[in-house]
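Chains as they are written, first to last, in our numbering: chain A, 540 to 978; chain B, 540 to 978.
See below for the structure under consideration.
Shown next, in the form of structure tokens:
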């Protein structure tokens, strides 16, 4: 148990998502003292969070304790805590109830959460999916809706309990809608005596003209077809104008009259809002700007204007990529980008400590993949050897192995594989545990 | 989706623990309509609940959805709900928010929870372990105590965060203390930079003169030695007289002055209180009595006096066993007894419907086993071929395979085996996920 070496440069990293984790790892051989702060005790493999929300995986399968991941990296001290202030003048980070942390270099990787576009009053009726607690809440609502329907004598109310609405046709919305259809059609039938779970309606509402807008249009079309084959009603150009405990109001097209959907379970998969730390930093740094989502604009080397000792990376950063040729491109808010920014920031920290010039960030885009449900996915690969687009069963297999490969920790990979294999053959979802039931 | 047959006798079973589950299964071929009501959506394998509380297993590994277990048993309808009233005159059970359920025969298997012996004000400071939510709360407190210690500059407060007290030396208390010592000595070392987790103190307080009082005295002594070898301080004849947010007051012996233990994490593993449905029934049934724990006394055939249509089984029943020879014996509150009562009640229901006489319950005691921690357990077997007592590594292996054998559901068994094998070799505990952190 070595005491931290006070003579080494002190690096504070805020957040242990993909960006922060990768930055800390990339500094493993650097002569620095790293303090890694996170407000949870685990690194969350967010691409599989929808599986926890749909009872396919248990929470520990996709969450690894941060301090366990760094047990052998002696230059990392892990602290559990929420950052309440950053003093860029005194170079000090304050935790809510813990010690103040002085830094020589700060890496802010605090991520993003969902946003209701100024309609936070919708939050209680339409939970989003960013944390494990969000996933438990959504799992609870989905499973309890079927339980309530089984008990409900009134046919209209029963139909409302069996109507599920997903708002937002991005990757999360598509995954959620597809998997919910799988639950209704494949997992639950045969287990109820008074209702037919397969009669449940799953609606996916997308404000734009296609789902998965980061994908090429033909793959969006394939995704829509696969969703419909799974039993999802996909409504494009459909804007949500109101949500309350029992209804969702939707406006179709620009001039359509709002239509009412009676539902007891709404999932929010639409907006993104960066961590409040972005605005907190922007207030202190001359020349710093944030966009509408609260992301803070960074210099080409991912630092803040006039503050070469502060990096902002991941979903909190409004970053551009500087390719060898051509114009700078915006960096998307996806996990490979966060990981690349983490490594780039770490490399620039090492350069700076060595008195060398930092380098601009260059994002390598390997493409895009999204899963839809049982045997269904779309893949758009930008490999050095060419461009590949495919969908359906093989895309799903590709997606599956890519995700298991990137899962942190050997134990998780094995267990996730077993869970998936057993879920695939039995069509069952084993994590159907609901606690804290308000009956 | 067959509609319930209104001409068949209606059996309502309250509770889907070991007793209720076994009763419903034993009625699988009976010409009856069963409604199985539980206030959770899962059957919980309670003997392994301490593993969830100590981060060794995920919740879904020990919890199987009730309606999934009965998906192929067409005469069972599963309802999620809490029973708020039983009308023994009108023969009707009322759910909080659901339909009233008329019955021709009622089986009450509502179980028990923990009791603070009239000191319910201790509950916020010393959670007990009966439900998954209890297990999550205990896991949260244990893991966050180490996190808080890592952040705490004051040595006295740090020592309090690293002091863990388990109240009660029964099977749950012994399991919890042994496993907490395992976490402190084997799982966490190497992961902290400012504290040494192995310096944590684990105290087990038992009011009586030995731990595991249901075991023969020599096995109690062996259990105590194994606990001490794991690093647990076992204090016998030690009665807890006060608990608050930062201290436990203990009186040693009959006349000793109370001593104060500074601690931030207390686990309650002492008293048992039967479900309030016991007293609710006793108020309506002439001649029915309850004991101090709220268990209701049952007739030899597990029915209530004057109510051959009501069985009470499991931990809620104050039952006696009627052996072929010798005096009636009290039935212990353990899961094999609950299962046997479930089968006996079901068989008596079938006899009653056929106009035959019911039979008195006979408990078959196969012995007792308790685990202590890594490689440590005690086993006391009463087999038809003789009496076996053993302890240590082979007792632990025996305990392990017995529990995995009885785990409900094939998937759970495999995953639990893998989790245990990996935990055993790596000394790691993978379910170290804490959500809802108040930092």
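By construction, the Cβ of each residue, glycine as well, lies at the ideal position given by its N, Cα and C atoms.
Computed from a predicted structure; not experimentally measured.
Item                                                                                                                           : Value
Beta-carbon neighbours of residue 676/A, restricted to chain B and to distances below 7 angstroms                              : The contacting residues do not exist; residue 676/A stays about 10 angstroms from chain B at best.
Exposure of residue 783/B, with buried meaning 16 or more beta-carbon neighbours within 10 Å                                   : exposed
Three-way DSSP call (helix, strand, coil) for residue 727/A in this model                                                      : coil
Other residues of its chain near residue 874/B: CB distance less than 6 angstroms, five sequence neighbours each side excluded : 557
At least three beta-carbon pairs within less than 8 angstroms, the region 676–696 of chain B to the region 616–634 of chain A  : yes
Neighbourhood of residue 604/B by C-beta, 7 angstroms cutoff - its chain only, sequence neighbours within 5 removed            : 580, 581
Cβ contact check for the region 899–910 of chain A and the region 871–885 of chain A: 3 or more pairs under 8 angstroms        : yes
Distance, residue 576/B Cα to residue 623/B Cα                                                                                 : 12 angstroms
Chain-ordered neighbours of residue 957/B on chain A, where CB pairs are closer than 9 angstroms                               : 950, 953, 954, 957
7 angstroms Cβ cut-off: residues of chain A touching residue 686/B                                                             : 580, 619
Near-chain A residues of the region 718–730 of chain B (beta-carbon distance less than 7 angstroms), N- to C-terminal order    : 729, 730
Exposure label - residue 726/A; buried when at least 16 CB within 10 Å                                                         : buried
Distance, residue 611/A Cα to residue 961/B Cα                                                                                 : 19 angstroms
Under 8 angstroms between C-beta atoms of residue 811/B and residue 872/B                                                      : yes
Extent of the continuous alpha helix (DSSP H) to which residue 674/A belongs                                                   : 671–690
Where residue 964/B falls, given that 16 or more other Cβ within 10 Å makes a residue buried                                   : exposed
Assumed close pair residue 809/A, residue 973/A - CB separation to whole angstroms, cut-off 8 angstroms                        : In fact, because the Cβ distance is near 25 angstroms, the residues do not count as touching under 8 angstroms.
Short CB-CB distance (under 8 angstroms) between residue 852/B and chain A                                                     : no
Residue 653/B classed as buried or exposed, judged by whether at least 16 other C-beta atoms fall within 10 angstroms          : buried
Given residue 979/B as reference, the closest of 667/B, 710/B, 798/B once Cα atoms are compared                                : No answer is possible for residue 979/B: it lies beyond the span of chain B, which begins at 540 and ends at 978.
Interface residues of the region 647–672 of chain B facing chain A [CB-CB below 8 angstroms]                                   : 670, 671, 672
CB contact flag (residue 594/B, residue 680/B, <8 angstroms)                                                                   : no
The region 771–791 of chain B contacting the region 691–711 of chain B, beta-carbon criterion three pairs below 8 angstroms    : yes
CB contact flag (residue 802/A, residue 704/A, <8 angstroms)                                                                   : yes
Same chain, Cβ closer than 6 angstroms to residue 567/A, neighbours up to 5 away in sequence not counted                       : 612
Near-chain A residues of the region 625–646 of chain B (beta-carbon distance less than 7 angstroms), N- to C-terminal order    : 635, 636, 637, 638
Extent of the continuous alpha helix (DSSP H) to which residue 807/B belongs                                                   : Segment 804–807 is the beta strand (DSSP E) holding residue 807/B; no alpha helix (DSSP H) there.
Cross-chain neighbours of residue 970/A in chain B, by beta carbon under 7 angstroms                                           : 599
Closest residue to residue 823/B among 843/B, 807/B, 861/B, 830/B (Cα-Cα distance)                                             : 843/B
Nearest to residue 905/A (by Cα), restricted to the options 891/A, 893/A, 920/A                                                : 920/A
Minimum length 3: unbroken beta strand (DSSP E) runs contained in the region 574–607 of chain A                                : 581–583, 602–604
Nearest-angstrom Cα separation, counted from residue 586/A out to residue 721/A                                                : 18 angstroms
One or two residues paired with residue 572/B in a DSSP bridge                                                                 : 549/B
Any C-beta of chain B under 8 angstroms from that of residue 732/A                                                             : yes
Near the ligand NAP: residue 675/A beta-carbon under 7 angstroms from a heavy atom                                             : In terms of ligand content, the structure shown is empty, and the ligand NAP therefore cannot be addressed.
Same chain, Cβ closer than 8 angstroms to residue 820/A, five either side skipped, listed in chain order                       : 625, 627, 647, 827, 835, 843, 849, 851
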